[in-house]
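Student: Be aware that the sequence shown starts at 1, since it is given in UniProt numbering, and climbs by one per residue. C-beta: ideal position from N, C-alpha, C; glycine also.
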Amino acid sequence: MLAQAIATTRGSYLVYNFGGGHPMPLLNAGGHWYEMNNGGHLMIIKNASQRLSPHLLVDTHTGDQARCEHNPGARTGEGLWQASEIYPPLKAWQRMGRPTIAVNANFFDVRGQKGGSWRSTGCSSPLGAYVDNTRGQGRANQAVTGTVAYAGKQGLSGGNELWSSLTTMILPVGGAPYVLRPKSRQDYDLATPVIEDLLNKNARFVAVAGIGLLSPGNTGQLHDGGPSAARTALAYAKQKDEMYIFQGGNYTPDNIQDLFRGLGSDTAILLDGGGSSAIVLRRDTGGMWAGAGSPKGSCDTRQVLCDSHERALPSWLAFN
1 MLAQAIATTR
11 GSYLVYNFGG
21 GHPMPLLNAG
31 GHWYEMNNGG
41 HLMIIKNASQ
51 RLSPHLLVDT
61 HTGDQARCEH
71 NPGARTGEGL
81 WQASEIYPPL
91 KAWQRMGRPT
101 IAVNANFFDV
111 RGQKGGSWRS
121 TGCSSPLGAY
131 VDNTRGQGRA
141 NQAVTGTVAY
151 AGKQGLSGGN
161 ELWSSLTTMI
171 LPVGGAPYVL
181 RPKSRQDYDL
191 ATPVIEDLLN
201 KNARFVAVAG
211 IGLLSPGNTG
221 QLHDGGPSAA
231 RTALAYAKQK
241 DEMYIFQGGN
251 YTPDNIQDLF
261 RGLGSDTAIL
271 LDGGGSSAIV
281 LRRDTGGMWA
291 GAGSPKGSCD
301 TRQVLCDSHE
311 RALPSWLAFN
């Protein structure tokens with residue numbers, strides 16, 4: 001059903017809603033197909049390498065985006081500046097210029113701060129590479145971390161000091177997305193030389209980071225059963241030139257890997273999920289709805305479908 005809906009869509013992009021007789025088709029690494037009925041939204045952008053226009057919510061460190069920079073309590077115990085203001089979904093969408101699609105992006109730093117926590121200060125930082133060079137702000141991170149690639153720590157932790165490396169996805173404007181997959185749990189800085197090179201060439205691109213699901217030559221089963229939760233994830237299928245953005249539902253990381261494997265992708269990452277998983281979708285931009293109808297979200301307005309737990313976050317990714 002999903003393949004048929006994608007094939008017959010005339011619109012510029014398709015939103016397929018799983019649930020209610022429209023199950024998610026999944027393919028594990030052993031070649032076994034299965035189905036799940038746990039909901040969620042899948043956005044499909046066709047001819048992606050010609051049409052992709054991604055943007056991030058960039059911290060300019062000026063005006064009302066200098067609030068965290070001026071808060072001495074917005075620092076971790078090691079003194080790392082938590083310079084990124086956090087925004088709930090609709091505010092983030094407005095801040096990014098009301099794009100067609102907005103989703104939450106990177107995991108973020110949840111360690112304690114001198115002034116309390118990210119919730120009390122309203123300040124945090126994305127984990128892993130987070131760069132937007134589509135509008136001349138590609139070096140915004142340098143003011144905070146002295147690096148071009150990172151607005152905060154390079155790796156992922158659950159609020160402690162145990163870190164693991166993240167996979168970076170590069171989304172070129174009008175090009176095919178690709179991933180930089182670390183060689184080990186400690187291979188933290190894989191993204192810097194690639195991002196430096198892109199900036200020096202003045203390439204227009206966005207970089208985000210998450211947990212690697214699929215990369216060329218590395219499509220074996222993840223074996224990350226970790227909890228069923230709402231998920232946000234990105235994938236690209238080269239043969240079909242289709243970009244996939246998944247949000248919502250109740251799935252394990254392996255389920256999301258299996259969804260993208262079934263769609264023919266070998267380039268995919270998992271972004272932050274659970275209470276962070278959020279989407280804002282404009283209703284008036286020529287997208288087509290399929291699957292279980294036009295869904296209702298938790299924060300809908302007349303202009304947008306909005307589904308989230310309303311968590312304010314420092315990193316947001318948009319597509320036009």
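Among S276, I195, L263, L234, which residue has its Cα nearest to the Cα of R119?
Tutor: Taking only the C-alpha atoms, the option nearest R119 is S276.
Student: For T147, collect the residues of the same chain with a Cβ closer than 8 angstroms to its Cβ; drop the 5 residues on either side in sequence, then sort them by chain order.
Tutor: So the list reads N141, T192, once near-sequence residues are dropped.
Student: Sort H223, A203, V206 by Cα distance to G212 and report the nearest one.
Tutor: Checking every option, the nearest Cα to that of G212 belongs to H223.
Student: Do you know offhand how far Y188's Cα is from V208's?
Tutor: Rounded to whole angstroms, Y188 to V208 spans 14 angstroms at the Cα level.
Student: Going by DSSP, what residues sit across from G287 in a beta bridge?
Tutor: Per DSSP, Y13.
Student: Helix, strand or coil, according to DSSP, for P89 in the structure here?
Tutor: Three-state DSSP puts P89 in a helix.
Student: DSSP three-state label for Q247, please.
Tutor: Q247: strand per DSSP, three-state reduction.
Student: Go to E196, then tell me how far its alpha helix (DSSP H) extends in each direction, as first and last residue.
Tutor: It spans 191-200 - the alpha helix (DSSP H) in which E196 sits, taken as one unbroken run.
Student: Would you identify the three-state DSSP class for W163, choosing helix, strand or coil?
Tutor: Three-state DSSP puts W163 in coil, outside helix and strand.
Student: When you compare the CB positions of H41 and I256, do they come within less than 8 angstroms of one another, or not?
Tutor: In this structure, I256 does not lie closer than 8 angstroms to H41 by Cβ.
Student: Three-state secondary structure (DSSP) at residue 324?
Tutor: Residue 324 lies beyond the stretch modelled for the chain, which goes from 1 to 320, so this question has no answer here.
Student: Near S125, which residues of its chain fall below 8 angstroms by C-beta distance, leaving aside the five closest residues on each side in sequence?
Tutor: So the qualifying residues of the chain are L80, W81, Q82, A83, S84, F108, D109, V144, A151, G152, K153, P314.
Student: Tell me, to the nearest whole angstrom, how far the beta carbon of L26 is from that of L259; I am working on the premise that it is less than 8 angstroms.
Tutor: Going by Cβ atoms, the distance from L26 to L259 rounds to 5 angstroms, so yes, they are a contact pair.
Student: Between the stretch 89-106 and the stretch 174-190, can you find at least three pairs of beta-carbon atoms closer than 8 angstroms?
Tutor: The answer is no - the stretch 89-106 does not touch the stretch 174-190, with fewer than three Cβ pairs under 8 angstroms.
Student: Between which two residues does the alpha helix (DSSP H) holding V144 run?
Tutor: Its alpha helix (DSSP H) spans residues 142-145.
Student: Any idea what DSSP makes of A83, helix, strand or coil?
Tutor: The answer is coil: DSSP assigns A83 none of H, G, I, E or B.
Student: Near I195, which residues of its chain fall below 7 angstroms by C-beta distance, leaving aside the five closest residues on each side in sequence?
Tutor: Within the same chain, I195 has close Cβ partners A129, V131, V148, A149, A207.
Student: State the DSSP-derived secondary structure class of D64, mapped to helix, strand or coil.
Tutor: If DSSP states are grouped into helix, strand and coil, D64 belongs with the helices.
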